[in-house]
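Take a look at the structure set out below.
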Amino acid sequence: MQALRLHKTGLLRQLAAPTSRCTNRLVHQSAVVHSKKKAAAFDFTDDLFGEGTSDSGDLFGSTPVQNTSDIFEPTPAKPQNTVSSCRKLNPTKRAARFNKLFEFVSGRIGLKPIAKTPEQVRNSAWGHLFDLAATRAELERVTELFPRWRDSRREFNEQTVKNFIRRCDELECSDLALDVFSNHSKYGFPLVSVAVARQLMHSLHLKHPLASSVTLMALYPAYNLPPVSTDLVSTAMLTTACLKEESKQSKVLADVLVPSIMRLLQQTPPIPPSKVIRYGEDREPAWLAGTLAKIEEALEKQGRGHKWLHSWRERSGHLAPAS
18 MQALRLHKTG LLRQLAAPTS RCTNRLVHQS AVVHSKKKAA AFDFTDDLFG EGTSDSGDLF
78 GSTPVQNTSD IFEPTPAKPQ NTVSSCRKLN PTKRAARFNK LFEFVSGRIG LKPIAKTPEQ
138 VRNSAWGHLF DLAATRAELE RVTELFPRWR DSRREFNEQT VKNFIRRCDE LECSDLALDV
198 FSNHSKYGFP LVSVAVARQL MHSLHLKHPL ASSVTLMALY PAYNLPPVST DLVSTAMLTT
258 ACLKEESKQS KVLADVLVPS IMRLLQQTPP IPPSKVIRYG EDREPAWLAG TLAKIEEALE
318 KQGRGHKWLH SWRERSGHLA PAS
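Mapped onto our numbering, the consecutive letters of the sequence shown carry residue numbers 18 to 340.
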């Protein structure tokens with residue numbers, strides 16, 4: 018089954034038509050390869066600079082990096098108190114801090130940085146910008162800096178991409194993230210892993226039209242990720258979106274996806290309830306449990322066979338106890 022074997026090539030176009038900005042760009046995806054006073058304004062000295070060139074929690078280093086191999090080293094998740102401190106700011110202070118950090122970063126990246134002393138911007142600067150952004154418009158301003166990061170011969174690490182998707186979800190603009198990923202030639206912001214793609218799929222399938230999830234499905238192979246049909250979590254979320262829409266086209270796609278779920282469950286050991294954590298880093302088992310429950314309910318309403326799905330959920334301990 019190659020890329021879900023969408024035997025009707027018009028199906029993808031019909032489903033994705035409403036997201037024309039994204040889908041039009043897919044035509045071009047062949048190019049995708051792969052002090053306390055000072056603190057009130059923003060303490061750049063303490064928070065933004067570091068002496069070395071390693072990509073630690075500091076935001077800036079004093080020496081430009083010539084090669085980017087170290088950028089892909091694992092970056093720890095941003096401490097919760099960083100997010101909390103941003104949210105505790107009143108709107109005026111938050112906007113001022115966002116604007117000052119935005120201008121600071123903007124002046125130090127690109128082919129010809131305008132700052133007199135263009136220190137090396139670190140990946141963690143993006144996380145601060147994302148969290149200080151309080152609106153979609155501010156987040157859109159940040160995305161306009163992405164191309165200049167690439168011009169600086171830098172690349173985005175996985176944690177930065179995850180933080181961006183998370184913030185888009187929090188601001189209810191996951192379509193912005195989809196738009197960015199759909200135009201790699203402009204932004205150079207990569208869909209770096211299946212885990213990242215699942216994170217975006219989770220938001221899209223819950224809060225956006227099916228067309229958005231289908232567009233993301235098409236991006237998996239464009240970014241050299243395995244087809245959606247080979248990933249259980251992604252397939253389950255996409256199937257849920259199809260069954261929820263109940264259009265003729267969505268039913269055709271669901272008919273293609275359901276056998277993939279059956280096949281993948283045969284290869285997947287039961288997931289005990291102790292693994293189903295709805296908060297924290299590893300929420301994928303919870304996403305899977307929730308989507309499979311919805312799929313079984315939909316199949317039952319349609320009078321379609323679902324014993325195979327019920328059995329797997331029963332062995333996993335996901336069924337509610339009989340009253």
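Ideal Cβ placement from N, Cα and C applies to all residues, glycine included. The structure presented is a predicted model; accordingly, all values stated were derived computationally and were not measured.
When rounded, the separation of the alpha-carbon atoms in Leu128 and Leu236 is 29 Å. Looking at the backbone, the Cα of Arg165 and that of Leu336 are separated by about 50 Å. The C-beta distance from Phe206 to Phe163 rounds to 5 Å, short enough to meet the 8 Å contact threshold.
Two segments are said to touch when three or more pairs of C-beta atoms, one from each, lie closer than 8 Å; by this definition the stretch 190-202 touches the stretch 142-159. Between the C-alpha atoms of Gln284 and Leu249 there is a straight-line separation of about 10 Å. Secondary structure note for Val122: its alpha helix (DSSP H) is the uninterrupted segment Pro108 to Ser123. The alpha carbon of Leu309 has as its nearest neighbour, out of Ala239, Trp329 and Ser267, the alpha carbon of Trp329.
Asp196 counts as buried, since at least 16 other C-beta atoms from the protein chains shown sit within 10 angstroms of its C-beta.
Residue Val178 holds the alpha-carbon nearest to the alpha-carbon of Val209 among Ser220, Val178, Gly144 and Val231.
Annotation for Lys311: Thr257 place their beta carbon closer than 6 Å to its own, counting only its chain and skipping 5 residues before and after.
Taking 8 Å as the upper bound for CB-CB distance, Ala253 and Ile288 are not in contact here, some 12 Å apart. Ranked by Cα distance from Ala142, the options Thr247, Thr134 and Arg114 are led by Arg114.
For Gly322 and Leu282, the gap between their C-alpha atoms comes out near 15 Å.
From the listed residues Lys292, Ala303, Arg280 and Glu301, the smallest Cα separation to Leu326 is found for Arg280. In this structure Met218 is in contact with Leu255, their Cβ atoms being roughly 7 Å apart against a cut-off of 8 Å. Around the beta carbon of Thr232, a 10 Å sphere encloses 16 or more other beta carbons of the protein chains shown; the residue is thus reported as buried.
Residue state for Val293 is assigned as coil, using DSSP reduced to three classes.
Pairing Gly307 with Arg300, the inter-Cα distance amounts to about 11 Å. Here DSSP, grouped into helix, strand and coil, assigns Gln216 to helix. The continuous stretches of alpha helix (DSSP H) do not include His323, and DSSP gives it neither H nor E.
Between Ser251 and Arg215, the C-beta spacing is below 9 Å. Judged by DSSP in its simplified three-state form, Gln284 adopts coil rather than helix or strand. DSSP, reduced to helix, strand and coil, places Val138 within a strand of the structure shown.
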